[in-house]
Every structure is written in C-alpha cells, then in structure tokens.
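Notes for the one structure printed next.
Number of protein chains: 2
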Amino acid sequence: MKKKYIEIYHTLVEDIQKGEYLSGETLPSEHELSSRFHTSRETIRKALNLLSHNGYIQKVRGKGSVVLDRDKFEFPVSGLTSFKELSERLGQSFRTHVHELTLVKEAKICRQLNCPAGASLWRVIRAREIGGERIILDKDYIRQDLVPELTKEIVQHSLYNYIENELELDISFAKKEIVVEPVTEEDEVFLDLKGHHQVVVIRSYVYLADTTAFQFTESRHRPDKFQFVDFARRTKG
Amino acid sequence: MKKKYIEIYHTLVEDIQKGEYLSGETLPSEHELSSRFHTSRETIRKALNLLSHNGYIQKVRGKGSVVLDRDKFEFPVSGLTSFKELSERLGQSFRTHVHELTLVKEAKICRQLNCPAGASLWRVIRAREIGGERIILDKDYIRQDLVPELTKEIVQHSLYNYIENELELDISFAKKEIVVEPVTEEDEVFLDLKGHHQVVVIRSYVYLADTTAFQFTESRHRPDKFQFVDFARRTKG
DNA sequence: GATTATAATTTGTATATACATGTTTTGCAA
DNA sequence: TTGCAAAACATGTATATACAAATTATAATC
Chain A
1 MKKKYIEIYH TLVEDIQKGE YLSGETLPSE HELSSRFHTS RETIRKALNL
51 LSHNGYIQKV RGKGSVVLDR DKFEFPVSGL TSFKELSERL GQSFRTHVHE
101 LTLVKEAKIC RQLNCPAGAS LWRVIRAREI GGERIILDKD YIRQDLVPEL
151 TKEIVQHSLY NYIENELELD ISFAKKEIVV EPVTEEDEVF LDLKGHHQVV
201 VIRSYVYLAD TTAFQFTESR HRPDKFQFVD FARRTKG
Chain B
1 MKKKYIEIYH TLVEDIQKGE YLSGETLPSE HELSSRFHTS RETIRKALNL
51 LSHNGYIQKV RGKGSVVLDR DKFEFPVSGL TSFKELSERL GQSFRTHVHE
101 LTLVKEAKIC RQLNCPAGAS LWRVIRAREI GGERIILDKD YIRQDLVPEL
151 TKEIVQHSLY NYIENELELD ISFAKKEIVV EPVTEEDEVF LDLKGHHQVV
201 VIRSYVYLAD TTAFQFTESR HRPDKFQFVD FARRTKG
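What follows is the structure, given as structure tokens:
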C-alpha cells in the first residue's frame, strides 16, 4: 500500500520549503485539500497532524492551518539524525576516524539492552572531524545477534544507512539523555579539546519497531561546538 | 465537550503508572478497549496514539500495544515542564529568588516575538535554589500586552500556573535550543558556580495556540546539575 | 457608518464500515 | 510429533457521516 497521508505530508512539506506557503499564512482548508488530493478529509487530517507534530504548522480551530516559521531551528540534532545527515546539512567538510571496531562482552550494557549477559556486542569508536577539528567522539555498542557483520567501510561511511537500508532493520524510537561531564583520557586522545575540561555527553538507547533494544550510543561533544535544537509541543490534559 | 480520547489517555497512563500493565506486556486490544470504554475503535486509537507519542507504548502491527519501560527517563526537563513541576518531581527542597521584575523595551527581542518594536516586555530574573545551592538562573521576557499584571508573588510561586489557569492563555508549543556558554558576570552574582566557568543555556521561544509568540526564556544551568532527558520517535517516510 | 445578528467557513470529536497487513493460534495431514 | 496451511486476531489505512465549536464573512438594523 502507498500510504496516501504520508505522500500528502511530504508534498506539503516540500511546498512549504519551496516557499509556496509562507509563515503566517494558512494552508488551503481541509475540505479543499481533500478535493485537490482526491481523498477524504480524514486522510488529509492525518497528513496535517504529521505537519503539526513536526512543527511545520499550527492548527487553529475555525481559522485554518497556520504555517510556522522554521527558520529559527534549522539545526536538528533532534530526532535521531545521524552524524552524516548532520554534517551534510552544515555544508562543512567532515571526516570520520574509526579508532575501534571490535566484538566485546559487557554484561552491564547487555542488561540495559535486554539481551543475554554473555551476548557479543560490537563496540565502535569513532572521532568526528568537522572543519578540520575532531570535535565529536561517538562510542556505539550494537547487538551482534541483530547486526552479524560490520566492516570499517560501513562504520566509516554510514552505520545507520547500512542498518536501515541493507539490513532493513526498522529503527523506531530512542531514549536519550544530555549531560555535561569532565573529559576522560579517551577524550584527550581522540579529540581536539582546545583546553576544554568538560564535554557534552548524549547517551541514547535505540529501539526497533518491535521494541527490541538494539543499540547504546554515547556521543561526546566539545562544548563550544555543541547545539541541540528542538520543537516541543505541550501535551494537553 | 468532554474529549473522550483524552480521558481514556489519562486513565491508561494512570493504569500504567500504577503498574497495572508492566513493561513488555501488551495493553488489551483496541477492540477490547473500545467495548470496555463503551466507545468506538477510532476513539481508542486516538488515545493510544497519544500514549505512543509520549513514550508509554509502542504499537506493533498484528501484535498489540507493548508497554515501554519509562524508568530510565523519569526526569523530563523535556516538553515544557516548568521549574516548579521539576523540583517537585525531584522531591528536593527548592527556593526561588526573584532578582528583577521590571518593564523593559528591547527591540531585538520584540522583533523575534513578532510584536511592535516599542512594546513593553516584562523582564523577570529568578535564581533557582535546589538543595541549598543556586544552580539555575532563569531570565524571562514576556509580552505585557498579553500579561498586563505581574507581581513578585506570582513569579515566585508559579508563573506558568498564573498564565495558564488565571489568565487562561493557551500555551501550545516552543522552539528551544541548548548550548554551552561561558559564564557571565550575572551568573557569577546570582549562582553558586563552585568554580565552573561554563553554563548550559536553554533558550526557548514559547507560543500560544493561536501562534502568537508570547515569551522568550533563557534558562542558565550549572553544568554538573544539568540533565535533559528525551523520548524521540523517528519520523518515517 | 457602526453595531449586531445571522450565515458560511473551518477545524475538532465521535462513530461506522471495509479491507489490508502482520502475528498468533488452531487444526489438519504427513 | 512435526510441519504447514488455514483461521482467528491485532493493528494500519481509507472512506463516509453527523454534529460541535471557533472564526470569518455577510446581511440587516439602527
């Protein structure tokens, strides 16, 4: 099946990004959109709810779907955006240094990933260089029973691309934490810290669509180069 | 109107929090829930989508709604949680020091809030003390045309409570940014920095349901006491 | 012309049906 | 007992209708 409402969502996102609808303006009414896309109003509403959820529009009862100004948050470290997408969006030169790609057994991480204590995990350690400076250190632990093979080429190119497109694993959600911590010896070795004594640490547990815990990631950023941008909707009730 | 699906959402959240459904288990099927709540399946689905969106469940096709383990992220600085909710959840003693409550005209902030350049803004500066240490400095700019009156009591007690419950303004969404910056003289004066030379800065633009930009907030945290926890769903397409 | 009442427009909620798609269970057959 | 096919079950998508509630446009009245 094609999932009409997803198609309509993408069409409308493109239209907004092309400037067809400016911020402050309203989209065509649900009724008009449904005749324009030859579909029912409920299907249009599903597409509009996606737009609303992702911060493209605000629906105002009796008025319409008002287009929001997304200019102020064009840096989505948010969501589950990967390093590759990120640096491409920045338009800066980037490199990835693979420092480790090994199989390990770490009972503590296994327990948090809900896999057997003796299970093998891939440990991937990569330094990210942007604009000539190594500013991010990524430490990944991935269940080997779900990803049997990993090569240096894969982790250097795009791990997520391999996992989602080659292995066709359905990455669905993540729990993440952002804190600030003192630098470790590892940070000193692999990063250009420029005198900084603390790093911003993003720890994530990544889950597949079937709720399988899949990966634990620790992303360590030099504080002056760190930015997290988010769109948050208030849950009513 | 009562909004059945909101009611059902809250009922199910309470049930999950009471441990009626354990993580890993599935909720009753949509069909069973609809007969249990005497409503249609679509209404149940709206409630379940809210649960899914807020990280309580993961819907798995053909299987059911699997309850997720929320233990690992019980510290939602996320969303738009206010300081009061936050410290109460922490269960620690807290105090608010009001250092400033004045009307100012700041063209730059006015422009970003889309209000006339000459408009008056409330500037509220508060230091937050938790466990005997002043670790958060909140600087708020609020449009006076939307909030005509503010007193020291209000900003000391709960600003959001006043705005939402007394003025009945409908706070709907926010754009926020998290960065790390050097401490300012102001930070030195109002916070117990304990030798830290950087603070975590959360800048937020807060909007009402009718898309009116309403408030700009800068929340400055001592890095060792800062934590941001989030549940992020991957947008498909 | 200004104010007010009415109608039209637009989004929100609730319900119903049909069929698609993925999972689990059941039952039959080898 | 094992293996496979079919049925039962669960969620996903698409469509339709009716009414509620908020806003905007229109018309009527003073």
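First to last, the sequence lines map onto chains A and B. Each step along the first sequence adds one to the number in UniProt numbering, with nothing skipped, and position 31 is 31. Each step along the second sequence adds one to the number in UniProt numbering, with nothing skipped, and position 173 is 173. Backbone N, C-alpha and C define an ideal beta-carbon position, used for all residues, glycine too.
| query | result |
| --- | --- |
| Complete alpha helix (DSSP H) runs within the stretch 96-152 of chain A (minimum length 4 residues, chain order) | 107-112 |
| Assigned exposure category for residue 181 of chain B - 16 Cβ within 10 Å defines buried | exposed |
| Neighbour flag for residue 172 of chain B against chain A, beta carbons, 8 Å | yes |
| Segment contact, 8 Å Cβ cut-off, at least three pairs: the stretch 111-119 of chain B with the stretch 169-176 of chain B | no |
| Proximal residues of chain A, C-beta to C-beta of residue 135 of chain B below 8 Å | Going along chain A, no residue has its Cβ under 8 Å from residue 135 of chain B, so there is no contact; the nearest lies around 12 Å. |
| Contacts of residue 116 of chain A in chain B (Cβ-Cβ under 9 Å) | None at all; the shortest Cβ gap to chain B is about 16 Å. |
| Closest Cα partner of residue 2 of chain A within the set A/43, A/19, A/26 | A/43 |
| Start-to-end residues for the alpha helix (DSSP H) that takes in residue 232 of chain A | Element bounds for residue 232 of chain A: not the alpha helix (DSSP H) but the beta strand (DSSP E), 227-233. |
| Distance between residue 198 of chain B and residue 106 of chain A (C-alpha atoms, nearest Å) | 34 Å |
| Among A/58, A/18, A/8, A/23, nearest to residue 208 of chain B - alpha-carbon criterion | A/58 |
| Under the three-state DSSP convention, the category residue 47 of chain A falls into | helix |
| Cα-Cα separation between residue 135 of chain A and residue 118 of chain B, rounded to whole angstroms | 42 Å |
| Extent of the continuous beta strand (DSSP E) run through residue 217 of chain A | 213-221 |
| Pick from A/177, A/147, A/130 that is closest to residue 165 of chain A, judged by C-alpha positions | A/147 |
| Burial state of residue 246 of chain A, where buried means 16 or more other Cβ atoms lie within 10 Å | What the structure shows of chain A is the stretch from 1 to 237, and residue 246 of chain A is not part of that stretch, so it cannot be assessed. |
| Simplified DSSP state of residue 203 of chain A, which is helix, strand or coil | strand |
| Any C-beta of chain B under 8 Å from that of residue 161 of chain A | no |
| Closest by C-alpha distance to residue 109 of chain B, when choosing among B/121, B/100, B/98, B/101 | B/121 |
| is_contact[residue 229 of chain A, chain B] using C-beta, thresh 8 Å | yes |
| The alpha helix (DSSP H) enclosing residue 173 of chain A, as first and last residue numbers | First-last for residue 173 of chain A: 171-182, but that is the beta strand (DSSP E), not the alpha helix (DSSP H). |
| Counted within 10 angstroms of its Cβ, other Cβ atoms place residue 96 of chain A as buried (16 or more) or exposed | buried |
| First through last residue of the alpha helix (DSSP H) which encompasses residue 34 of chain A | 30-36 |
| CB contact below 8 Å: residue 37 of chain B versus chain A | no |
| Neighbourhood of residue 217 of chain A by C-beta distance below 6 Å, restricted to the same chain and skipping five residues each side | 140, 204 |
| Rounded straight-line distance, which links the Cα of residue 4 of chain B to that of residue 47 of chain B | 9 Å |
| Residue 79 of chain A versus residue 232 of chain B - alpha carbon distance | Only weak support exists for where residue 79 of chain A lies, its pLDDT of 43 falling under 50; the coordinates are left without a value. |
| Cβ-Cβ separation, residue 178 of chain B to residue 37 of chain A (assumed contact under 8 Å), whole Å | Between residue 178 of chain B and residue 37 of chain A the Cβ distance is about 38 Å, and since that is not below 8 Å, they are no contact. |
| Inter-residue CB distance, residue 102 of chain A and residue 123 of chain A (contact presumed, cutoff 8 Å) | 5 Å |
| Pair within 8 Å by beta-carbon distance, residue 27 of chain A and residue 64 of chain A | yes |
| Selection from B/6, B/226, B/70, B/190 that minimises the alpha carbon distance to residue 16 of chain B | B/70 |
| Beta-carbon proximity of residue 31 of chain A to residue 41 of chain A, cut-off 8 Å | yes |
| Chain A within 8 Å of residue 76 of chain B, Cβ atoms only | Confidence is the limiting factor: at residue 76 of chain B the pLDDT is only 40, short of 50, which leaves the residue's position unreliable, though a coordinate-based value still follows. Cβ-Cβ to chain A under 8 Å: no for residue 76 of chain B. |
| 8 Å Cβ cutoff, residue 241 of chain B in contact with chain A | Since the first residue shown for chain B is 1 and the last is 237, residue 241 of chain B is missing from the structure and cannot be characterised. |
| Test item: CB-CB of residue 66 of chain A and residue 24 of chain A under 8 Å | yes |
| Where residue 39 of chain A falls: helix, strand or coil (DSSP) | coil |
| Straight-line gap, residue 156 of chain B to residue 98 of chain B (C-alpha atoms, nearest Å) | 6 Å |
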